[in-house]
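Colleague: Numbering-wise (this note's numbering), the sequence shown opens with residue 201 and increments by one.
Right, I'll just put the structure down here and ask away after.
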Amino acid sequence: MKLRHYLQFRDFSRAEYDYLLERARWIKAQFKQYQPHHPLVDRTLAMIFEKQSTRTRLSFEAGVQQLGGSAIFLSTRDTQLGRGEPVEDMAQVVSRMVDIVMIRTFEQSILERFAGVSRVPVINGLSNEYHPCQVLGDIFTFTEHRGPIQGRTVAWIGDSNNVCNTWMQAAAIFEFKLHVSTPPGYEVEAERAGIYGKTHCEHFADPMEAARGADLVTTDVWTSMGFEAEDAERKRDFSDWQVDADMMKLAGPDALFMHCLPAHRGEEVSAEVLDGPQSVVWDEAENRLHTQKALMEFLLLGKAA
Ligand code: CP
Ligand code: NVA
């Protein structure tokens with residue numbers, strides 16, 4: 201089988217995503233019925249974390265175990281990576297001992313360097329630029345609640361961060377409209393977002409206008425991991441970019457609310473919205489498990505017959 205990696209959303213085609221969404225639906229149904237599904241017996245996942253995580257670690261670790269495999273957790277703090285061993289050397293060694301690798305790190309270039317010499321598939325578990333596993337789970341969640349996302353409108357309110365960039369790539373692949381509203385000075389950089397050609401994205405100076413009529417309103421923290429030094433400045437700059445009940449009213453009663461979590465109630469989202477009836481954040485978190493199981497199975501075994 202040809203070696204494939206999942207480093208950013210545009211690494212897969214629409215047809216591959218259609219397969220993955222359907223496969224994740226089947227894997228989720230099996231799991232809910234306590235039906236064993238063990239295609240990855242004797243396979244080992246290495247998870248390398250340079251940043252903190254709750255959902256990503258748990259969903260990958262539980263996911264590979266539920267598929268019959270096992271997981272090894274490695275962090276910067278307790279590996280030689282934290283003492284300056286080159287990423288390429290780490291990749292040579294790790295990829296000779298395990299079957300698949302997931303990495304959460306800083307610059308996307310670190311992932312690319314690792315994947316460049318890895319003998320096994322590498323998955324991006326979040327970088328400064330992208331969070332593809334998140335948006336895969338989010339699109340699965342939207343589809344469960346509302347059917348296909350093609351032709352719908354998604355509003356991104358807030359920072360032009362890793363999750364925003366990934367939604368932008370997804371808009372072109374899944375052909376939905378993406379309304380993006382960021383404060384001045386935090387606009388999307390097309391090259392960093394990895395978007396080329398027809399983007400399906402529109403920028404709105406006013407976050408309320410971005411949300412008007414949207415089928416899905418989504419946001420994320422004002423300060424992502426690695427940008428903590430800018431926290432005070434960001435709190436000032438983003439204060440008008442909170443998803444609140446008035447904004448959800450403009451979107452409409454059928455609009456969903458999503459947040460990749462962890463969330464800060466009273467900052468990027470009001471408690472009323474996060475804990476309210478339009479919010480599907482807990483489904484979103486759960487679906488990381490099912491979609492990543494489909495992803496690992498696909499990268500290791502290809503499409504199920
Ligand atoms: N959404 C997400 O990736 O959560 P963690 O940072 O907890 O992994
Ligand atoms: N944008 C956030 C996502 C956390 C899951 C961050 O990078 O910290």
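Even for Gly, the Cβ is constructed at its ideal location relative to N, Cα and C.
Bear in mind that the values here come from a model prediction, so they are computed numbers and not experimental data.
Out of Q369, F342, A429, H379, which one is the CA nearest neighbour of Y396?
Modeller: When only C-alpha atoms are compared, the closest one is Q369.
Colleague: What's the call for T366, buried or exposed, on a 16-neighbour Cβ count within 10 Å?
Modeller: With 16 or more Cβ atoms within 10 Å of its Cβ, T366 is classed as buried.
Colleague: Helix, strand or coil for V287 per DSSP?
Modeller: If DSSP states are grouped into helix, strand and coil, V287 belongs with the helices.
Colleague: Just verifying my parser: in three-state terms, what is the DSSP assignment at F342?
Modeller: Three-state DSSP puts F342 in a helix.
Colleague: Measure the alpha-carbon distance for I248 versus E428 and round it to whole angstroms.
Modeller: Going from the Cα of I248 to the Cα of E428 covers about 21 Å.
Colleague: Just to check, is the beta-carbon of S259 closer than 7 Å to a non-hydrogen atom of the ligand NAD?
Modeller: The ligand content of the structure shown is limited to the ligand CP and the ligand NVA, which means the ligand NAD is not among them.
Colleague: Helix or strand or just coil, what does DSSP make of K377?
Modeller: It is a strand residue.
Colleague: What are the start and end residues of the alpha helix (DSSP H) that includes L220?
Modeller: Where L220 is concerned, the enclosing alpha helix (DSSP H) stretches over 214–232.
Colleague: Quick one, which of V473, E261, S270, L245 has its alpha-carbon nearest V294's?
Modeller: Measuring from the Cα of V294, the nearest candidate turns out to be L245.
Colleague: Less than 6 Å between C-beta atoms, sequence neighbours within five positions excluded: which residues of the same chain meet that for Q308?
Modeller: S327, E329.
Colleague: For R488, which of D211, M201, L221, Q208 has the nearest alpha-carbon?
Modeller: The shortest Cα separation from R488 among D211, M201, L221, Q208 belongs to L221.
Colleague: When DSSP labels each residue in this structure, what does E402 get in the three-state scheme?
Modeller: Strand, per DSSP.
Colleague: How about F260 and G358: do their beta carbons lie closer than 8 Å?
Modeller: No. Outside cutoff.
Colleague: Is the beta carbon of V363 closer than 8 Å to that of V380?
Modeller: Cβ atoms of V380 and V363: not closer than 8 Å.
Colleague: In whole angstroms, what is the alpha-carbon distance linking A405 and G385?
Modeller: Looking at the two C-alpha atoms, the distance is approximately 11 Å.
Colleague: CB of S424 to nearest heavy atom of the ligand NVA: below 7 Å?
Modeller: Yes, since a heavy atom of the ligand NVA falls inside the 7 Å radius drawn around the Cβ of S424.
Colleague: Between the alpha carbons of E486 and K228, how many angstroms are there, rounded?
Modeller: Cα to Cα, the separation comes out at about 10 Å.
Colleague: Report the partner residues of F457 according to the DSSP bridge assignment.
Modeller: Paired residues: V417, S479.
Colleague: Restricting to Cα atoms, I'd like to know which of F498, L207, R434, E467 is closest to R313.
Modeller: Nearest C-alpha to R313: L207.
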